[in-house]
Structures are given as C-alpha cells and as structure tokens.
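S.K.: In my numbering, the protein residues as written are 89 to 222. The beta carbon of each residue, even a glycine, is placed where N, CA and C say it ideally should be. Please see the structure below; I have some questions.
Set out below in structure tokens:
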C-alpha cells in the first residue's frame, strides 16, 4: 500500500504540497497462545500481547523510497512482562496526518490499527527454537 502512496507522491505532489498521511509508525510486540501457525493478518486480542509495544520504525512519507521499504531491520522487539510461550511478533501501524485536531488541541490527527480497533494486525509466527530467545 505504501508503494502506491510513494508513486502518487512522486508523480503528483507539488514542491510545497501536503502528503496524507505524512508519516507512519510501525509497532511490534511479542504475542502468545492464540497465535496461528503461519504469517497472517488477523485481529489479535490484546490479551495475547506479551509486552508493551515498541516502535519498530518511523517512516517519513515525504522522503521514503520504495527501496527503503524492502527491508526493515529490528534489533530489539520488547522485554516480556508476562509469563508464557512466545509464538510470534504482532505488528501494526499508526499514520499521522499534517494537521492538528483543532485550535485548542495541537495533537496531530492519526489513524491507528492497534489491537482493540476493527483493523487487523500482522502476525509473524516464530519457529519454536526462536521463541525461547525473546
């Protein structure tokens, strides 16, 4: 989906134009028990998250290239604050837009796909041997 935003930006955005959304933040956290056996997109219940989410990467949609999106490396996902078998990594994103919620609220408008929303999350299933390393 971001590739189409990048193509449209490169073809149509004027020098001082605004891009919607202006940025995306990808979050990651280990998950457990109700995970599945293959990578998938599914609504992951918050009770299956083992730790608080960590920012995996922040993407400036005015500057990012398609090549930048081909590989995102993570050094650290999170430390667990629950006991359980780690079965995968849950990923979701938040997009922010180039305007605030109003004159008295300067917080940017955003769209979140985190658990507890109607959006689905991405689950990367880990092999058993990796689950002990988290």
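Can you give the Cα-Cα distance for residue 193 and residue 145, rounded to whole angstroms?
M.R.: Position 105 of the chain shown, counted from the first residue, corresponds to residue 193. Position 57 of the chain shown, counted from the first residue, corresponds to residue 145. Taking the straight line from one Cα to the other gives about 26 Å.
S.K.: Return the residue from the list 178, 157, 150 that minimises the CA-CA distance to residue 133.
M.R.: On the chain shown, residue 133 is found 45 positions in, with the first residue counted as 1. Comparing Cα-Cα distances from residue 133 to each of 178, 157, 150, the minimum goes to 178.
S.K.: Excluding the 5 residues flanking residue 137 on each side, which residues of the same chain have their C-beta closer than 7 Å to its C-beta?
M.R.: On the chain shown, position 49 is the one that residue 137 refers to. Result list for residue 137: 117, 119, 178, 203, in chain order.
S.K.: Look at the alpha carbon of residue 213 and the alpha carbon of residue 100, and state the distance between them as a whole number of angstroms.
M.R.: The residue given as residue 213 occupies position 125 in the chain shown. The residue given as residue 100 occupies position 12 in the chain shown. Rounded to whole angstroms, residue 213 to residue 100 spans 38 Å at the Cα level.
S.K.: Could you spell out where the beta strand (DSSP E) holding residue 185 opens and where it closes?
M.R.: In the chain shown, the residue the question calls residue 185 occupies position 97. Segment 174-190, the beta strand (DSSP E) holding residue 185.
S.K.: Who pairs with residue 119 in a beta bridge, going by DSSP?
M.R.: Within the chain shown, the letter at position 31 stands for residue 119. Per DSSP, 137, 176.
S.K.: Following the continuous beta strand (DSSP E) through residue 197, name the residue where it begins and the one where it ends.
M.R.: One-based indexing of the chain shown puts residue 197 at position 109. Start and end: 193-200.
S.K.: Measure the beta-carbon distance from residue 129 to residue 210 and round it to whole angstroms, keeping in mind my assumption that it falls under 8 Å.
M.R.: What you label residue 129 is simply residue 41 of the chain shown in a count that begins at 1. What you label residue 210 is simply residue 122 of the chain shown in a count that begins at 1. Contact flag correct, Cβ pair sits at about 5 Å.
S.K.: Judging by CA-CA distance, which residue of 94, 108, 141, 92 is the nearest neighbour of residue 115?
M.R.: Position 27 of the chain shown, counted from the first residue, corresponds to residue 115. Ranking the options by Cα distance to residue 115, first place goes to 141.
S.K.: Whole angstroms are fine: how far does the CA of residue 150 sit from the CA of residue 90?
M.R.: If you number the chain shown from 1, residue 90 lands on position 2. If you number the chain shown from 1, residue 150 lands on position 62. Distance between the alpha carbons of residue 90 and residue 150 is about 11 Å.
S.K.: How about residue 185 and residue 198: do their beta carbons lie closer than 8 Å?
M.R.: Here residue 185 corresponds to residue number 97 of the chain shown, with the count starting at 1. Here residue 198 corresponds to residue number 110 of the chain shown, with the count starting at 1. Their beta carbons are under 8 Å apart, which means residue 185 touches residue 198 by this criterion.
S.K.: If I measure Cβ to Cβ from residue 154 and keep anything under 6 Å in the same chain, skipping five residues before and after, which residues do I get?
M.R.: Here the question's residue 154 lines up with position 66 in the chain shown. Contacts found: 91, 94.
S.K.: Could you check where the beta strand (DSSP E) with residue 213 kicks off and where it finishes?
M.R.: As a working note, residue 213 is residue 125 in the chain shown. Segment 209-213, the beta strand (DSSP E) holding residue 213.
S.K.: Could you pull the start and end residues of the alpha helix (DSSP H) that residue 93 belongs to?
M.R.: Counting from one through the chain shown, the residue named residue 93 turns up at place 5. Per DSSP, residue 93 belongs to the alpha helix (DSSP H) from 90-100.
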